Amino acid sequence: MMGDSVTVVPLGPGAFEGRDYDEAVRVGTIVRRNRSRLVANGVCPACRGQFDRQLVESDQPYMTAAGYQIKGSCVDCGQVTAGDVRETLLSHPAVVSFFWRHDIDVREPYAGETVLPPEDTITERSSDPLTLAVTYRADDDELTVVVDETVTVLEVE
Ligand SMILES: [Zn+2]
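Numbering-wise, the sequence shown is residues 50 to 206 according to the working numbering.
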């Protein structure tokens, strides 16, 4: 569980070799975050080709937050993946440094519950073209990141 969403990360047997449950969870988190970061940067997690991503409305149970999901597809190998916008934005320097200033390391697996805000902190700023705002909170501080439909960061407030 990451915040209010369920996470599924496929891991091979090697991921469990010589690791206890917590360590395996940590591996799963690292894999998921790295995949998320590749997608955020337009790189295919499978073949490293060009990855197109789009924020779309979604009613899927996984990787959907506030009715939206990042749908990505590779123009080279056809790989398709879905992402949670809150997690994808975790690799943005503004978000990393915001949490770091509050002594939270976004790379830590159990920081997931802290760094993934509840779905109601995602708001639609406009519908056509689509822009979403995601608000992260730490202590009494807030950081809002506004993205367009290609998940490009437009502003940080
Ligand atoms: Zn690919």
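We treat Cβ as the ideally placed atom computed from N, Cα and C, and that holds for glycine. All values reported here derive from a predicted model rather than from experimental measurement.
{"Check": "Can you have a look at aspartate 53 and say buried or exposed, based on whether 16 or more other CB atoms are within 10 angstroms of its CB?", "Outcome": "Note that aspartate 53 scores a pLDDT of 44, beneath 50, so its modelled location is shaky; the value from the coordinates is reported in the next line. By the 10 Å Cβ count, aspartate 53 comes out exposed."}
{"Check": "So, using beta-carbon positions, are threonine 184 and proline 166 closer together than 8 Å?", "Outcome": "yes"}
{"Check": "Under 6 Å Cβ to Cβ from valine 80, same chain only, skipping five residues before and after it: list those, please.", "Outcome": "Val58"}
{"Check": "Grab the span of the beta strand (DSSP E) containing leucine 138 for me, first residue to last.", "Outcome": "Per DSSP, leucine 138 belongs to no beta strand (DSSP E) and is neither H nor E."}
{"Check": "What residue range is occupied by the uninterrupted beta strand (DSSP E) comprising phenylalanine 100?", "Outcome": "100 to 106"}
{"Check": "Mapping DSSP to helix, strand and coil, what is arginine 150?", "Outcome": "helix"}
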